[in-house]
Amino acid sequence: MSNQLSDRINSVTPSATLEMAAKARELRASGKDIIGLSLGEPDFDIPDYIKAAAIQAVNDGYNSYTPVDGYVELKNAIIAKFKRDNVLSYQAPQIVVSTGAKQSLYNVAQVILNKGDEVILPCPYWVSYSDIVKLADGVPVEVPTTLENDFKMTAEQLEAAITPKTRMLWYSSPCNPSGSIYSKEELRSLADVLQKHPQIIVVSDEIYEHINYGVTAHASMAEFEDMYDRTVTVNGVAKAFAMTGWRIGYIGAPAYIARACNKLQGQVTSGANCIAQRAVITALEESPDRIKYMVDEFKERRKLILDLLKDIDGFKCNEPEGAFYVYPDVTAYFGKTLNGSKINNASDFSMYLLEHANVATVTGDAFGNGNCIRISYAASEKEIREAIARIKEVVS
Numbered sequence: 271m272s273n274q275l276s277d278r279i280n281s282v283t284p285s286a287t288l289e290m291a292a293k294a295r296e297l298r299a300s301g302k303d304i305i306g307l308s309l310g311e312p313d314f315d316i317p318d319y320i321k322a323a324a325i326q327a328v329n330d331g332y333n334s335y336t337p338v339d340g341y342v343e344l345k346n347a348i349i350a351k352f353k354r355d356n357v358l359s360y361q362a363p364q365i366v367v368s369t370g371a372k373q374s375l376y377n378v379a380q381v382i383l384n385k386g387d388e389v390i391l392p393c394p395y396w397v398s399y400s401d402i403v404k405l406a407d408g409v410p411v412e413v414p415t416t417l418e419n420d421f422k423m424t425a426e427q428l429e430a431a432i433t434p435k436t437r438m439l440w441y442s443s444p445c446n447p448s449g450s451i452y453s454k455e456e457l458r459s460l461a462d463v464l465q466k467h468p469q470i471i472v473v474s475d476e477i478y479e480h481i482n483y484g485v486t487a488h489a490s491m492a493e494f495e496d497m498y499d500r501t502v503t504v505n506g507v508a509k510a511f512a513m514t515g516w517r518i519g520y521i522g523a524p525a526y527i528a529r530a531c532n533k534l535q536g537q538v539t540s541g542a543n544c545i546a547q548r549a550v551i552t553a554l555e556e557s558p559d560r561i562k563y564m565v566d567e568f569k570e571r572r573k574l575i576l577d578l579l580k581d582i583d584g585f586k587c588n589e590p591e592g593a594f595y596v597y598p599d600v601t602a603y604f605g606k607t608l609n610g611s612k613i614n615n616a617s618d619f620s621m622y623l624l625e626h627a628n629v630a631t632v633t634g635d636a637f638g639n640g641n642c643i644r645i646s647y648a649a650s651e652k653e654i655r656e657a658i659a660r661i662k663e664v665v666s
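Under my numbering, the first residue of the sequence shown carries the number 271, and numbering increases by one thereafter.
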């Protein structure tokens, strides 16, 4: 009997970041010295006060199924965090805790989109947005942005992309992969366009909120009174707290959307991990100042990698204001042959760096922008210096 898979799964592409990480692991296993700058994963250890909370939860006997939408105490901590950090007022029925922010995004797409509904995605966007939309039978509508405009969509571009089928707008700020941050004024200009199209729901992915280098203050679309009831604010603890494997994400949303996500999640995964939830209560209740040492270190690494890349002809970078990626334009190499390898696009270039420099990056094709590659600087200074030196050598 031949394999009979659904059209749905056949339409989905593998996550490019996870795929590159897997290739890097395979090459390491074969004995190659691979420097991994592909995954969006902090290289810091989890803060001790969060570890202690998890250990306490184990000792206190937390081992049972959790409420589908999260422990009451965690929801209260999320409500307090939204108020403290974002000046957003949510109530418990508006909060849903999920197994990572990725599940939060998936839930929202599944409960809002009908077949053929369009979702506007400013490019570049996080790799999974497009396929999450497709899995909900939606249609991704990519809006190109430019390095010169700091990879941010303008109000004019948003207006031009809207059709009668537009149902949602998704964006991240700080952005993965570009590190760009929408200012409050820029968000207001987008909101002014959206006021003319009341059918559109906004998904504001703020997972990198605390990794902000102080140029542009963080702002949330839901801060605007006329957008509050049309915005889903997505966040989690993976990036700022170095808790990628703990898999806790959450939303603040209009109550009807939160109820629908709760309903869906109850039939899929049910509640998130009990020990992780107890640890996240402590993570969110403590001041964000306690994780500032990680942000300060990322800022130093950002300066280092930008300085090093300036010395390589053909790499054109903007200066990211947040997250821990650089997103250089590498079109100068397209059409060239390097060490016998023809470079036609960003995917070829990224694979060339893996095979010849032993450095894992991610093609910009995966983010909806084929001119660039993403390089993570969530790595040690030694690894960054060595990786960029290797890249410089193989492209010279």
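Note that the Cβ used here is the ideal one computed from N, Cα and C, for glycine as well.
Ser666 sits in coil when the DSSP states are folded into three classes, being neither helix nor strand. In this structure, the straight-line span from the alpha carbon of Gln326 to that of Val342 is close to 18 Å. The C-alpha of Glu625 is placed about 49 Å away from the C-alpha of Tyr526.
Beta-carbon to beta-carbon, Gly370 and Gly519 are separated by about 5 Å, close enough to satisfy the 8 Å threshold.
With a contact defined as Cβ atoms closer than 8 Å, Pro598 and Leu579 qualify at about 6 Å.
In the three-state scheme derived from DSSP, where H, G and I count as helix and E and B as strand, Gly634 is classed as helix. Under the Cβ criterion (8 Å, minimum of three pairs), the segment 390-407 counts as touching the segment 422-434.
Distance from the CA atom of Trp516 to the CA atom of Lys454, rounded to whole angstroms, is 31 Å. Nearest in C-alpha terms to Gln380, of all of Ser359, Arg437, Lys573, is Arg437. Of the candidates Gly638, Glu651, Ile382, Gly638 places its Cα closest to the Cα of Thr415. For the 8 Å CB-CB criterion, Ile348 and Ile365 form a contact. Closest option to Glu493, judged by alpha-carbon separation, among Thr287, Ala657, Thr631, Asn356: Asn356. Leu464 counts as buried, since at least 16 other C-beta atoms from the protein chains shown sit within 10 angstroms of its C-beta.
Judged by DSSP in its simplified three-state form, Arg298 adopts helix. Just measuring C-alpha positions, the residue of Met497, Asp330, Asp475, Ser443 sitting nearest His467 is Met497. The C-alpha of Asn446 lies about 26 Å from the C-alpha of Asn384. Asp583 sits exposed, since fewer than 16 C-beta atoms from the chains shown fall within 10 Å of its C-beta. Cβ contact annotation for Ala549 (same chain, cutoff 6 Å, sequence separation greater than five): Ile320, Ala323, Ala324, in chain order.
At a cut-off of 4 residues, the continuous stretches assigned as alpha helix (DSSP H) that sit fully inside the segment 428-466 are 454-464. In the structure shown, Thr514 adopts helical secondary structure according to DSSP, grouped into three states.
Judged by DSSP secondary structure, Asn505 falls within the beta strand (DSSP E) whose first and last residues are 501-506.
Annotation for Cys393: the continuous beta strand (DSSP E) segment containing it runs 388-393. Pairing Leu534 with Ala523, the inter-Cα distance amounts to about 15 Å. Distances from the alpha-carbon of Tyr441 to those of Thr283, Met491, Glu426 put Met491 closest. DSSP, read as helix, strand or coil, puts Lys586 in strand. Looking at the DSSP output, Gly370 shares a beta bridge with no other residue.
Minimum Cα-Cα distance from Val596 among the listed residues Ser617, Ala636, Thr631, Ala627 corresponds to Thr631. The alpha carbon of Asn614 has as its nearest neighbour, out of Gly640, Phe594, Gly592, the alpha carbon of Gly640. Annotation for Glu412: the continuous beta strand (DSSP E) segment containing it runs 409-414. Judged by DSSP in its simplified three-state form, Ile481 adopts coil rather than helix or strand.
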